[in-house]
Amino acid sequence: ISVPTMAWMMLLLGLLAYGSGVDSETVVTQEPSLSVSPGGTVTLTCGLSSGSVSTSNYPSWYQQTPGQAPRTLIYSTNTRPSGVPDRFSGSILGNKAALTITGAQTDDESDYYCMLYMGSGIS
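According to mature numbering (1 follows the signal peptide of the UniProt record, and there is no 0), the sequence shown holds residues -21 to -1, 1 to 102 in order.
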């Protein structure tokens, strides 16, 4: 497939939230959508309204294409499961979890979900 170099891809970041014991006052913040041109770099972030995200929250990131099951991209902050390209990387940026996609491809147009461990629950 030929893709014009100025084509834009939309990267949608959502929120996966479940579990008991999560403080109802805690809000997870993220970009509702981001755009990047093919070959570019984009960073998606996931933060908390109260406090900072750290490695002890074991941030994980998931990619979901419509009609498909979610795919784990990153777990435990920066670990990639086998089969996930190294252009996907996880980190802590300031007080947020971050997913960076380097050399974005048209296949990366998808929904992205962040999950954080919150002690007695997952948010």
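Think of the CB as a built atom: it goes at the ideal place given N, C-alpha and C, for glycine as much as any other residue.
| Item | Value |
| --- | --- |
| Taking C-alpha atoms, which residue in S61, P49 and G30 lies nearest to V7? | G30 |
| Ends of the beta strand (DSSP E) at R50? | R50 to I53 |
| Please determine, among Q43, D87, V15 and T20, the residue with the shortest C-alpha to C-alpha distance to C93. | Q43 |
| What residues match up with T81 in a beta bridge as DSSP calls it? | DSSP lists no partner for T81. |
| Please state the DSSP three-state secondary structure of S14. | strand |
| Using only alpha-carbon positions, find the residue among N57, I80 and K75 that is nearest to Y91. | I80 |
| For L95, report the span of its beta strand (DSSP E) as first-last. | Premise fails: L95 is in no beta strand (DSSP E) and is neither H nor E. |
| Buried or exposed for G87, please, with buried defined as at least 16 other CB atoms from any protein chain shown within 10 angstroms of its CB. | It is worth fixing the name first, because residue 87 is Asp in this sequence and not Gly. Buried is the call here. |
| Around the Cβ of S39, are there at least 16 other Cβ atoms within 10 angstroms (buried) or fewer (exposed)? | buried |
| Does residue 124 come out as helix, strand or coil in the three-state DSSP assignment? | Coverage of the chain is limited to positions -21 through 102, which leaves residue 124 absent and any answer about it impossible. |
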